[in-house]
Structures are given as C-alpha cells and as structure tokens.
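Throughout the sequence shown, residue numbering follows my numbering, covering 603 to 1050 in sequence. Structure record follows, encoded as structure tokens.
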Amino acid sequence: MTTTAAPLLIEKAPPQSRFDRFDLLILAGVVAAFLIVAALPFSAKRFGDLDFHREAKAVALTVKGLKEWRTVSILRAPSPVFYYAVPYTLVSVNASEDTYWAAAFGWNAAWMAVAVLLLRRAAALLGGPAAGKAAVALAFLVPFWVYYSYGINGEPPAFLGATVTAWSWAHCIKKNRVGWMLLLWAGLTVLVLAKPGVVLAAGIAAPVAVLLWRSGQKQIAKLTAAVLVLLVVTSIASSRYMEYRWGHPTMNPQTKYLVWDLFFGSFQFRTEPWDWRFWDNTTREGSADYQSFSDTYAQIERESDRSQVPLSEAELKWVKQDFREHPFVHLKMAAVRALFMQWMQISSVEPPAFHLGLLRGRAGYWLFHLGVNFFNLLLLLLSGLFLIRRREEALALWLLWAPWVALLAFHSAIYAEPRFVFPGQPGLMILSALCLVGRRGSLWRQRI
C-alpha cells in the first residue's frame, strides 16, 4: 500500500433533509436579526450612493418599454444594478422612493435568508452537521449582511454571490458534476460583477492549480483551472461589452470611476494614517489629507478646462506621476488601508453623540466597536488557524479564502472602506466553522 500526502474528501457526505427544524430556527433568527438592526439608532444609507438605485430604476423602465436601453448608463458594478432592477420592475412607475426602497429591502432580506441557509449547507458538506451549525452561529455573530441589507448597495448581491460560489464549490470538489460548475459560474459572475476586485483571485487560482496537481489532488486541480478560465472569461466579456457599448475604453463610465477612485485614494492616509473617518467633506472636516485632495482636484479641473483634456485622463496622468515619484508613500498607504479594512466602524454617528441603550458617549462608542470587531476579528483568527494547521486541505478550499484576499489586495492598492472586504466573509465563516469543529467533525481523510 502507498500513501499520499494530499488529503481528499470522502465520497459520501452526511445525509441532510432539504429543510429541517434547524432551518426554521435560521429563518426565525434572520427575522429577529433584521428587527434588532431596525431598532438601532444608526443604519446604512437607504439609497447608498444613489448610483445603483437610479440605474436599477432605469433598467426597470427599459424592461417595461418606457426607456431605451442605449440611454442607460452603468457607472460602477453591473450586477447590483440588475439585482435591484428585478424588484423594481414590480413597482409602479409613479411610486414613491420609499416604495422602491421597500421593494429593494424585501428583496435583500429574502436573499440573505437564502444565503444563510446555503452557508449552513456548504459548511456541512465539508465538515459535517456541526460545522454547518457553527457557520450559521458565526453568521449571526457577524451580522453585517443584515445591516447592509437596509441600504441599496452592492454588498447584499456580492454576499449572495460569494455564498453561492462557496456552496457550489463544496459540491464541485465532492461530486464533480457539470451542473454545479454552471451554478458556481453564476455565483462567481454575480460576485465579480458586484466587486470587480475579486478578479484578482485568478492570480491565486493559477499557482493553486499547480500545487494541487503536484500534491495528487488532480481532479480539484482541474476544477481550479476551470474556475480560472471562468474568472478570466467573465472579466474580459464584461470589459469588451463596455468597450463595445461606449466605443472606446476611455468613454467607459466604469473606467472613469476606477480612475476617480485611484485619484482620491492617493490621498487616503497619506499624511494622516490614523484618521479613519469616512472619506467625504462632511465627516473629514479639518483633515489635511482631504484638504490636499480638494486643492489638487480643483487644480487638475482648471488645467483640464484650459487644455481641453478630458478630466479622467488628467486625473490618470496625475496618478501615474504620483506613483512614480512617491512609490513608498503608496506602499505605506496600502499597508494602512489593509489594516483599516479589518475594523468595522460607524461613520454616521460621531463618538460624543453615540447612544445605544446603556452605551453612551465616547466610552459607549468604543465599547460597542470593541464588541462588534471582536467577532469580526475572530473570523480572521479562526480561518487563519485553519489555513495554517491544515495547509493541504486549504489548497482545495482556496475558493473560500481567495475572494477575501483578492478584495483586500485590490482595495489596499486603490481606496479602502471596511465594507469592501465584507463579501469575503462567507468563505471565512465556513473556514472558521471547520476550525471550530476540528478533525473529528471533518469529512477529510488520507487516502491509503
């Protein structure tokens, strides 16, 4: 007999009913979580930055035949626009903005319930029933998926896409069925077109596929190579369509938005590494970095008007020159951004004005944030322990941690907000659950 060093999934997963009493508890917990978050004195912006809301309304009007498709512009990521356009098609054309928000909120809440159910099943496939329940418990301990569902933003569809991707991958590496690969592509498409930075996971997939092949996990290596192709094809197809739609890459609204992010991101934490306030003109009062950004932007805008050079091209020229002249400054900012994204914080309430039950003022503000971020950082700790202790198994589960790593790298280099790595949490929840359950509950073994 010979042994291999590569751990493999056993063929038979534990039986699980399609819907059981624990699922009912999950749904009850989801309802309770939404009610609790609704009672908080702070909330996500109802309409986000307005872009997804306006564009989804335009798409809905196009579906109804009341608007021409050629007049619809998608400024940022496309999948949230189409995601919210679905409930918007059911709303009357003359409905109030509150009605549109209610439709989007109900849509978010329903899909988040589905996501938690899928999270349980993905973890159970890999680590048994206990792992499934542990993943659900972690989801409720880090309920940002509830918080962001109260706003029309890209986080809910990205979270859903990441969960579907993780669930499908668990099935793919156990059953190797084409149907699951197609579902994985659907989840991956929603995720990538909601958070384009995830495409950097392609750079992780290539070496992982090689390592899996060398370790003897050749079937999973082939699946990884297939995911690499899907990532590249989805990204190229989206980019080519936008180029075709607008006639030239520089006319692409998404390209302009990326350049804009690169520009103002070049001032984030430049001289104020510990000023972690939200980046806008209301909360950043007195910020030297924000003032420098405002002054530089005004100067570039004047030069653009004078030279007749498009503003986005002038911004990109400035960014390239700044990277060349100050590479170490950008490295420092990237390091601070990477740290900053691990700390969830409320931007809509100043510490002195904070109040939540007995937690009031500056002390209450920091106690609340310490509690919230304890569980957020716990995910990183547990998933990190799993990856360190069970490195070979971690290779096969690369699609659970790669989205988080890709988003961290992408936004560390450009511009950061803590919510930007949030879509990577489903995979971390599953890995953390596997870490908690340990080998006794695991479905991994050595093949002899």
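Built from N, CA and C at the ideal position, the CB exists for glycine as well. The structure displayed is predicted, hence computed values, not measured ones.
| query | result |
| --- | --- |
| Own chain, CB closer than 6 Å to Ser906, minus 5 neighbours either side, in chain order | Leu913 and Ala916 |
| Expected contact under 8 Å - CB spacing of Ile628 and Arg722 to nearest Å | 7 Å |
| Extent of the continuous alpha helix (DSSP H) to which Val693 belongs | Taken as a continuous stretch (DSSP letters only), Val693 belongs to no alpha helix (DSSP H), as it is neither H nor E. |
| Contact check, Gly756 vs Ala662, beta carbons under 7 Å | no |
| Reduced DSSP category for Thr606 - H, G, I as helix; E, B as strand; rest coil | Caution applies to Thr606, whose pLDDT of 40 falls short of 50 and renders its modelled position unreliable; the model cannot decide the point. |
| 8 Å CB neighbourhood of Arg964 in its chain, flanking five on each side removed | Pro953, Pro954 and Phe956 |
| Spatial distance of Met783 from Gly730 (CA atoms) | 22 Å |
| Alpha helix (DSSP H) segment containing Ala635, residue limits | Arg623 to Ala640 |
| DSSP beta-bridge partners of Arg962 | His957 |
| Nearest candidate by alpha-carbon position, reference Phe761, set Gly1040, Ser1014 and Pro1005 | Pro1005 |
| Residue interval of the alpha helix (DSSP H) (run including Ala732) | Pro731 to Leu743 |
| Backbone CA spacing between Ser1014 and Gly799 [nearest angstrom] | 11 Å |
| Cβ-Cβ separation, Pro855 to Leu677 (assumed contact under 8 Å), whole Å | 5 Å |
| Ala827 vs Tyr752 beta-carbon contact at 7 Å | no |
| Minimum C-alpha distance to Leu719 - residue among Leu830, Ala996 and Ala768 | Ala768 |
| Exposure label - Glu613; buried when at least 16 CB within 10 Å | Its pLDDT being 44, under 50, Glu613 is placed unreliably by the model, and the measurement read from it follows with that caveat. Classification for Glu613: exposed. |
| Alpha-carbon spacing of Glu995 relative to Leu989, whole angstroms | 8 Å |
| Beta carbon of Leu825 nearer than 7 Å to that of Cys774 | yes |
| Reduced DSSP secondary structure (H/G/I, E/B, other) of Leu611 | Below a pLDDT of 50, predicted positions are generally treated as unreliable, and Leu611, at 42, falls in that range; the measurement from the model is reported next regardless. In the structure shown, Leu611 sits in a strand (DSSP, three-state: E or B). |
| Rounded C-alpha distance that separates Phe621 from Trp815 | 37 Å |
| 7 Å Cβ cutoff met for Ile1016 and Leu832 | no |
| Per-residue burial, Gly1029 [other beta carbons within 10 Å of its own, 16 or more giving buried] | buried |
| Exposure label - Pro682; buried when at least 16 CB within 10 Å | buried |
| Contacts around Ser770, its chain only, beta-carbon distance under 7 Å, and the 5 residues preceding and following it disregarded | Trp782, Leu785, Leu786 and Gly789 |
| Closest by C-alpha distance to Ala772, when choosing among Ala725, Gly818, Phe742 and Ala811 | Ala725 |
| Host alpha helix (DSSP H) of Leu1010 (start-end) | Trp1000 to Ala1015 |
| Check whether Val748 and Phe636 have beta carbons under 7 Å apart | yes |
| Whole-angstrom distance between Ala634 and Lys797, CA atom to CA atom | 28 Å |
| DSSP three-state assignment for Val921, whether helix, strand or coil | helix |
| Rounded straight-line distance, which links the Cα of Val834 to that of Val801 | 7 Å |
| Cβ shell of Lys820 (< 8 Å), same chain only, five flanking positions each side left out | Leu814 |
| Cβ-Cβ separation, Leu740 to Leu987 (assumed contact under 8 Å), whole Å | Actually they do not touch by this definition, with Cβ atoms about 14 Å apart. |
| Reference Asp700, options Trp945, Leu1010 and His655, closest by Cα | His655 |
| Ranges of the alpha helix (DSSP H) found wholly within the stretch 872–916, counting only runs of at least 4 | 890–909 |
| Test item: CB-CB of Ala803 and Ala811 under 7 Å | no |
| Reduced DSSP secondary structure (H/G/I, E/B, other) of Met1052 | It is not possible to answer for residue 1052, since the shown part of the chain is limited to 603 through 1050. |
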